[in-house]
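Engineer:
Protein chains: 2
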Amino acid sequence: MDDGLNEVCLDDGGGWSFASMPARNARDRIMSAASHLFCNHGFAATGIDAILDRAGTAKATLYHHFRSKEELISAVLQAEGDTWRDWFFGRLSQVEGPARNRVLAVFDVLEDWFADPGFYGCPFINAVAEFDTGNDAVRQAAERHKDHLLTWLKAQMMEMKVSDVVETTRSIAILIDGAIVAAQHSGDPSFARTARRLAECHLDTVLGRAG
Amino acid sequence: MDDGLNEVCLDDGGGWSFASMPARNARDRIMSAASHLFCNHGFAATGIDAILDRAGTAKATLYHHFRSKEELISAVLQAEGDTWRDWFFGRLSQVEGPARNRVLAVFDVLEDWFADPGFYGCPFINAVAEFDTGNDAVRQAAERHKDHLLTWLKAQMMEMKVSDVVETTRSIAILIDGAIVAAQHSGDPSFARTARRLAECHLDTVLGRAG
DNA sequence: GTAGAATCGGACTGATCTGTCTTGTTTTTT
DNA sequence: AAAAAACAAGACAGATCAGTCCGATTCTAC
Chain A
11 MDDGLNEVCL
21 DDGGGWSFAS
31 MPARNARDRI
41 MSAASHLFCN
51 HGFAATGIDA
61 ILDRAGTAKA
71 TLYHHFRSKE
81 ELISAVLQAE
91 GDTWRDWFFG
101 RLSQVEGPAR
111 NRVLAVFDVL
121 EDWFADPGFY
131 GCPFINAVAE
141 FDTGNDAVRQ
151 AAERHKDHLL
161 TWLKAQMMEM
171 KVSDVVETTR
181 SIAILIDGAI
191 VAAQHSGDPS
201 FARTARRLAE
211 CHLDTVLGRA
221 G
Chain B
11 MDDGLNEVCL
21 DDGGGWSFAS
31 MPARNARDRI
41 MSAASHLFCN
51 HGFAATGIDA
61 ILDRAGTAKA
71 TLYHHFRSKE
81 ELISAVLQAE
91 GDTWRDWFFG
101 RLSQVEGPAR
111 NRVLAVFDVL
121 EDWFADPGFY
131 GCPFINAVAE
141 FDTGNDAVRQ
151 AAERHKDHLL
161 TWLKAQMMEM
171 KVSDVVETTR
181 SIAILIDGAI
191 VAAQHSGDPS
201 FARTARRLAE
211 CHLDTVLGRA
221 G
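Residue numbers (the working numbering), protein chains in the order written: chain A, 11 to 221; chain B, 11 to 221.
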C-alpha cells in the first residue's frame, strides 16, 4: 500500500491524481510525493522528511521551490484540483446527447474514480475535514474547486431549462458529495449508481417526467 | 472562536457534542477538552499539552486514564458518537405519525445540528478523512456509528414496506452524508432542506406517490 | 480517622518537527 | 565556454511532540 508505484486509472493520457503525473524535475517529484503522502496519510501527519525520502530530493531543494509546508500544501491542492478537473470534464466532454445525459454521466465517471485502487476520497473534502476551522488557504482552495463544479452544473441546468436552477444544482452537489463520502468509507464504488438513481428521480420530477 | 465556552444547542438535557457535557472529574474535563480540540483543530494537529491546558489537569492524570493519545482519540470518538446518537434519536423519537414522517424528520434535526454555531461536521467523516488508509481503530469506530444509523433507517424502511430496503437505505445515507459535507463547507444549514426534498421525491417514487 | 485512589506540578527523555545554512556538484541557458 | 540556475548532502537550530517518573497533595469511601 505504501510502495513506490501508485496505480491510477488512466484515461486518454491523464490520470485523476497529480501524484501519477510524469515528473520532469525535482519540483515535480516533490509535488508528486507530497500529493501521494498528503492524500493517503493526512496533511499534518506527513512530515517534510517523508516527502523528501519519497521524492529523492534534498531539503534545500524543497525550500527553494516552496517557502513553507503550508505553501506546499496549497500548491498540492491546486495541482490536484487542476488534474482532477481535467480528467473529470475530459471524460464528460465525450458524452453525447442532451444536457441531462451529461449530468447523469457525472455519476458514471464518479464510479470509475471510486473503483480505482488508489481512491482516497476528495482531497478537498479531506483537507477541510482535517484543518477545518479558520484555515483560509485550504478553505478557499476547496471553495474554488467546488465553484468550478457548480458553474458547470449550473450551465447544464440552464440548458435543461430547469425551473429552479440554484436548487437543482444544490441537489446534484449533495448527491456528489454524499456518493464520495459513502464510497470512501465503504470502499464500494456502486454508491455512485445509487446517487445516479436519485438524480434521475429528481430530474424526472423537476422536468415533469418528460426527460 | 477558541474561547472557553462552546455554545451547543441543548435539547431536553443533552447536547449533540460530548465537549459540552457536564464535567464531574478530571477524566471528564480531559474528554471534553479533547473533544473540542480534536473536532475543531484536527486530531493530529492537537497536542497533548493543548488538551491539558484546556482541561486544567496534569499530564500524569491524563496518562493515568488513557494509555496513549491513540486510546484517547478512540475514547473521544466513542463518546462523541454516543452523545450525538442520544441527541439525534431522542429528537426523532418525538416525531409523531408513520415511519415516513420520521425519515423526513431526520433532515429537520440535521438542520438544527448544522445551524449550531459550534458545528464542525461529522467527527467520524472528519476522522476517516484525516487518518484514512489503514487506521483500524478510527475506521471501525466510524463503521459502528454508521451501522447504528443504517440499522435505524432499515427499520423505518421495513415499516414503510419499501420494496428494496437496502437500496433505499443507501439512498438516504447518501443524502445525509452529502448534506453534512455541503453544510460544513458552506456554513449554510439549509442544505438539510434540499436533502429533505430529494428524500421526499425518492420516497414518493418508491412508494408509488401514495405517501 | 484512615487507607487508597485520584490528582497535581513539573522535571525529564528521546524522538521528531519545520526551517536555515553551508559547501559543492550538476544541469541548463546564453 | 561562461554564467546562472537547479540540485545534492547533511549538519544544525529551536521548538514541539508523546510519554515517563517522582514526590506531594487532595479527595473519597469505608
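Even for Gly, the Cβ is constructed at its ideal location relative to N, Cα and C.
Here's the rule I'm using: 16 or more other beta-carbon atoms within 10 Å means buried, otherwise exposed. How should MET168 of chain A be labelled?
Structural biologist: exposed
Engineer: Thinking C-alpha only, which one of B:MET170, B:LEU72, B:ALA89 and B:ALA68 is nearest GLY107 of chain B?
Structural biologist: B:MET170
Engineer: How would you label LEU68 of chain B, buried or exposed, when you count the other beta carbons within 10 angstroms and need 16 or more for buried?
Structural biologist: One detail in the question is off: residue 68 of chain B reads as Ala in this sequence, not Leu. It is exposed - the Cβ of ALA68 of chain B has fewer than 16 other Cβ atoms within 10 Å.
Engineer: What separation, rounded to the nearest whole angstrom, lies between the Cα atoms of ASP21 of chain B and GLU121 of chain B?
Structural biologist: Note that ASP21 of chain B has pLDDT 44, beneath the 50 cutoff, so the model's placement of it is unreliable and no number is given.
Engineer: For GLY144 of chain B and ASN136 of chain A, what's the separation of their Cα atoms in angstroms?
Structural biologist: 15 Å
Engineer: Helix, strand or coil for GLY144 of chain A per DSSP?
Structural biologist: Coil, per DSSP.
Engineer: For chain B, is any of its Cβ atoms less than 7 Å away from the one on GLY52 of chain A?
Structural biologist: At least one C-beta of chain B is nearer than 7 Å to the C-beta of GLY52 of chain A.
Engineer: Can you confirm whether LEU208 of chain B, when its beta carbon is compared against all beta carbons of chain A, has any partner nearer than 7 Å?
Structural biologist: yes
Engineer: For the segment 39-51 of chain A against the segment 37-45 of chain B, do three or more pairs of beta-carbon atoms, one drawn from each stretch, fall closer than 8 Å, so that the two count as touching?
Structural biologist: no
Engineer: For GLU140 of chain A, collect the residues of the same chain with a Cβ closer than 7 Å to its Cβ; drop the 5 residues on either side in sequence, then sort them by chain order.
Structural biologist: GLY52, PHE53 and ALA54
Engineer: Can you tell me whether DSSP reads VAL105 of chain B as helix, strand or coil?
Structural biologist: Assigned with DSSP and collapsed to three states, VAL105 of chain B falls in coil, not helix or strand.
Engineer: To the nearest angstrom, how far is the alpha carbon of ALA125 of chain B from that of ILE184 of chain B?
Structural biologist: Cα to Cα, the separation comes out at about 20 Å.
Engineer: Does the distance from the C-beta atom of GLN222 of chain A to that of GLY131 of chain A stay below 7 Å?
Structural biologist: No answer is possible for residue 222 of chain A: the residues shown for chain A start at 11 and end at 221.
Engineer: Rounded to whole angstroms, what's the CA-CA distance from ALA70 of chain A to ALA192 of chain B? Just pull it up for me.
Structural biologist: 40 Å
Engineer: Would SER78 of chain B be called buried (16 or more neighbouring beta carbons within 10 Å of its own) or exposed?
Structural biologist: exposed
Engineer: Taking 7 Å as the threshold (beta carbon to beta carbon), is LEU87 of chain A in contact with chain B?
Structural biologist: no
Engineer: Can you tell me the Cα-Cα spacing of ILE182 of chain B and ASP92 of chain A, whole angstroms?
Structural biologist: 31 Å
Engineer: Short of 7 Å in beta carbon distance, which residues of its chain neighbour HIS155 of chain B, apart from the five on each side in sequence? Order them along the chain.
Structural biologist: GLY91 and PHE134
Engineer: Whole angstroms is fine: what's the gap from GLY128 of chain B's alpha carbon to TRP94 of chain B's?
Structural biologist: In a straight line, the C-alpha of GLY128 of chain B is about 14 Å away from that of TRP94 of chain B.
Engineer: In whole angstroms, what is the alpha-carbon distance linking GLY24 of chain A and ALA33 of chain A?
Structural biologist: 13 Å
Engineer: Quick one: measure Cβ to Cβ for PHE201 of chain B and ALA209 of chain B, integer angstroms, because I've assumed they're closer than 8 Å.
Structural biologist: Not really, about 13 Å apart at Cβ, beyond 8 Å.
Engineer: Is there at least one Cβ from chain A nearer than 7 Å to SER181 of chain B's Cβ?
Structural biologist: yes
Engineer: Nearest-angstrom Cα distance between TRP162 of chain B and CYS49 of chain B?
Structural biologist: Straight-line Cα distance between these residues: approximately 25 Å.
Engineer: Note down the Cα distance separating TRP97 of chain A from THR179 of chain A, rounded to an integer number of angstroms.
Structural biologist: 21 Å
Engineer: Mind pulling the alpha helix (DSSP H) runs of 4 or more residues that sit fully within the segment 170-216 of chain B?
Structural biologist: Runs of the alpha helix (DSSP H) inside the segment 170-216 of chain B: 175-196 and 201-216.
Engineer: Using a Cβ-Cβ cut-off of 6 Å (strictly less than) and excluding sequence neighbours within five positions of ALA109 of chain A, which residues of its own chain qualify?
Structural biologist: GLN166, GLU169 and MET170
Engineer: Tell me the DSSP secondary structure of ASN50 of chain A in three-state form.
Structural biologist: helix
Engineer: Restricting to Cα atoms, I'd like to know which of B:PHE99, B:ALA205, B:ASN111 and B:ALA36 is closest to ALA65 of chain B.
Structural biologist: B:ALA36
Engineer: Run through DSSP, which three-state label would ARG110 of chain B get?
Structural biologist: helix
Engineer: Evaluate ASP142 of chain A with the Cβ neighbour count: other Cβ atoms within 10 Å of its Cβ, from every protein chain shown; 16 or more gives buried, anything less gives exposed.
Structural biologist: buried
Engineer: Using a Cβ cut-off of 7 Å (strictly closer), state whether GLY245 of chain A contacts chain B.
Structural biologist: Not covered by the structure: residue 245 of chain A. The range shown for chain A is 11 to 221.
Engineer: Note down, in chain order, all residues in the segment 130-151 of chain B with a beta-carbon under 7 Å from any beta-carbon belonging to chain A.
Structural biologist: TYR130, GLY131, ILE135, ASN136, VAL138, ALA139, GLU140, PHE141, ASP142, THR143 and GLY144
Engineer: State the DSSP-derived secondary structure class of ASN136 of chain A, mapped to helix, strand or coil.
Structural biologist: In the structure shown, ASN136 of chain A adopts helical secondary structure according to DSSP, grouped into three states.
Engineer: Is the separation between the beta-carbon of LEU10 of chain A and that of ARG206 of chain A shorter than 7 Å?
Structural biologist: No information on residue 10 of chain A is available, as it lies outside the stretch 11 to 221 that chain A covers here.
Engineer: Run the CB neighbour count on HIS74 of chain B, radius 10 Å, all protein chains shown included, and call it buried at 16 or more, exposed below.
Structural biologist: exposed
Engineer: Are the beta-carbon atoms of VAL119 of chain A and ARG112 of chain A separated by less than 7 Å?
Structural biologist: no
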